[in-house]
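Under numbering that gives the first Met the number 0, the first residue of the sequence shown is numbered 0, with each subsequent residue one higher.
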Amino acid sequence: MNVNVVGSGYVGTTLAACLAEMGHEITAIDIDESVVATINEGRAPLHEPGLDELLAEHVGTRLQATTSYADLADADLTFLAIGTPSRSDGSIDLGPLSAAAEMVGEALSGLGGDREHLVVVKSTITPPGLDRVREALATGLGDVAGAVEFATNPEFLREGTAVSDFRNPDKIVFGTESASALATLEELYAPLIESTDSPIVRTDPETAMLIKYANNAFLATKISLANDLGNVSKEFGLDAYEVMEAVGLDDRIGEQFLRSGVGWGGSCFPKDVNALIFSAREVGYEPPLLEAAVEVNDRQPERLLALLDEHVDVAGERVAVLGLAFKPGTDDVRNSRAIPLIEGLLERGATVVGYDPVATETMREVFSDTEIEYADSAEDALAGASGAVVATDWDEFAALDSEFDAMAEPVVVDGRRIIERREGITYEGLTW
Ligand code: UDX
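Here's what the structure looks like:
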């Protein structure tokens with residue numbers, strides 16, 4: 000099939016590359032010329048394992064990128080994979096997505112005769128927000144609104160494993176309004192459906208989107224519950240991991256996403272949980288559990304710093320922050336728990352020395368070199384530090400040992416349970 004993918008972020012680029020691999024002809028459209036140029040050189044505009052290889056293979060044959068919407072109507076369908084950033088009140092900014100939807104509508108307004116086109120929303124938007132996108136599309140389309148169908152197809156990709164998650168999805172969710180739209184999506188995904196036994200969920204566009212939100216809200220709340228119970232364990236002097244690993248053996252609970260610590264970050268969980276709370280409030284419902292999930296998450300960094308305070312007054316001292324990325328395997332620092340930790344340390348008057356294997360450059364956009372120092376290795380960050388806090392569970396931190404000997408005060412507060420307890424350091428786990 001002939002497919003447009005509008006938006007070349009990690010979702011859109013992964014989708015474009017993986018659809019090309021499935022044999023489809025793909026046009027990736029983005030307003031950013033440098034992103035388009037990078038894709039057309041066969042490289043990914045962001046760090047995502049496996050994506051460079053896929054682009055190198057398919058760019059120039061089955062995949063091309065452009066900033067132009069002009070030839071959009073030549074394709075069978077158009078995905079909208081535009082970002083939906085958070086506003087400070089938790090709501091999402093539909094501006095970029097609506098603008099793209101209107102441009103797609105305008106580009107399709109030349110559709111002649113009975114030629115049909117399917118517009119599929121990949122971006123994450125709450126069900127009430129979908130109406131805005133529908134309206135923007137209809138505005139662009141003008142007279143030919145009837146020739147275009149509307150669908151949603153939410154994504155469940157994790158950063159760092161997006162390509163393998165796409166190839167092996169736990170489920171594929173189609174939100175359509177007609178049998179023909181559903182048939183189009185099933186034809187598009189047929190190679191994937193045939194090669195995996197992933198269940199297909201067929202529903203309406205709004206329900207499909209709520210499935211996405213409910214999925215992320217459930218996972219984020221699951222971690223927050225593990226953190227809440229972990230805090231109780233800590234106060235009882237018991238090991239939260241031992242407890243939760245055993246709890247996770249219950250099939251009804253499952254073993255994943257029970258690792259307690261400094262909380263969840265990233266581009267999805269904080270944004271999606273807050274957007275769902277905002278949207279629910281707008282229709283008159285305050286979701287107490289979701290609000291509590293956010294509250295537990297917001298409190299964990301301060302709990303971690305309180306443990307440091309018990310051992311050392313960091314005012315005027317160097318403190319190492321090990322790990323800046325929101326999780327291992329990525330240079331993404333969006334909503335990383337390292338950010339509130341650094342803010343709390345700066346408020347205490349500490350000199351912060353951050354280290355991350357890959358996320359230093361991205362964190363420099365949040366904290367400049369005048370605000371905090373950046374070290375080239377964990378060893379350099381620890382040297383002379385009166386305390387270290389661990390924000391990300393990078394494997395390399397598990398191997399740290401004699402590096403702690405150079406600390407001025409060897410107090411280590413581990414927010415991710417990655418550091419080995421050893422002689423010579425005062426170790427504090429956040430939830431044990
Ligand atoms: C998440 C969802 O997993 C994915 O399905 C959705 O499409 C996008 O959001 P991602 O943000 O890439 O993916 O990261 P994920 O691996 O889910 O981790 C999110 C955060 O939770 C990280 O900060 C991680 O450190 C934290 N986490 C995860 C825990 O604190 N404990 C756990 O047990 C698991």
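Beta carbons: idealized from backbone N, C-alpha and C, even for Gly.
Is DSSP giving residue i helix, strand or coil here?
| i | result |
| --- | --- |
| residue 237 | coil |
| residue 69 | coil |
| residue 63 | strand |
| residue 174 | strand |
| residue 25 | strand |
| residue 413 | strand |
| residue 3 | strand |
| residue 133 | helix |
| residue 284 | coil |
| residue 366 | coil |
| residue 162 | helix |
| residue 116 | strand |
| residue 201 | strand |
| residue 421 | coil |
| residue 231 | helix |
| residue 91 | strand |
| residue 254 | coil |
| residue 377 | helix |
| residue 78 | strand |
| residue 395 | helix |
| residue 34 | helix |
| residue 47 | coil |
Taking 7 angstroms as the cut-off, does the CB of residue i come closer than this to any heavy atom belonging to ligand 1?
| i | result |
| --- | --- |
| residue 157 | yes |
| residue 167 | no |
| residue 17 | no |
| residue 122 | no |
| residue 347 | no |
| residue 215 | yes |
| residue 7 | no |
| residue 154 | yes |
| residue 170 | no |
| residue 210 | no |
| residue 263 | yes |
| residue 317 | no |
| residue 50 | no |
| residue 325 | yes |
| residue 149 | no |
| residue 252 | no |
| residue 260 | yes |
With 16 as the cutoff for other CB atoms within 10 Å, does residue i come out buried or exposed?
| i | result |
| --- | --- |
| residue 11 | buried |
| residue 154 | buried |
| residue 168 | buried |
| residue 157 | exposed |
| residue 60 | exposed |
| residue 398 | exposed |
| residue 1 | exposed |
| residue 282 | exposed |
| residue 31 | exposed |
Taking the Cβ atom as the reference point for each residue, do residue i and residue j lie within a distance shorter than 8 angstroms?
| i | j | result |
| --- | --- | --- |
| residue 50 | residue 19 | no |
| residue 344 | residue 313 | yes |
| residue 120 | residue 160 | no |
| residue 93 | residue 131 | yes |
| residue 263 | residue 230 | no |
| residue 146 | residue 137 | no |
| residue 72 | residue 116 | yes |
| residue 410 | residue 307 | yes |
| residue 103 | residue 66 | no |
**Message:** Does the structure place the segment 244-261 close enough to the segment 179-191 that three or more beta carbon pairs sit under 8 angstroms?
**Reply:** no
**Prompt:** Does the segment 417-431 come close enough to the segment 356-376 to have 3 or more Cβ pairs within less than 8 angstroms?
**Reply:** no
**Item:** Touching by the beta-carbon criterion (3+ pairs, under 8 angstroms), the segment 303-317 and the segment 374-385
**Value:** yes
**Asked** How do the segment 23-31 and the segment 170-179 stand: do at least 3 beta-carbon pairs fall below 8 angstroms, yes or no?
**Response** no
**Message:** Closer than 8 angstroms is the cut-off here; do at least three beta carbon pairs connect the segment 208-217 with the segment 230-242?
**Reply:** no
**Asked** Can you find at least 3 beta carbon pairs, one from the segment 364-375 and one from the segment 191-201, that sit closer than 8 angstroms?
**Response** no
**Prompt:** Does the segment 319-335 come close enough to the segment 344-355 to have 3 or more Cβ pairs within less than 8 angstroms?
**Reply:** yes
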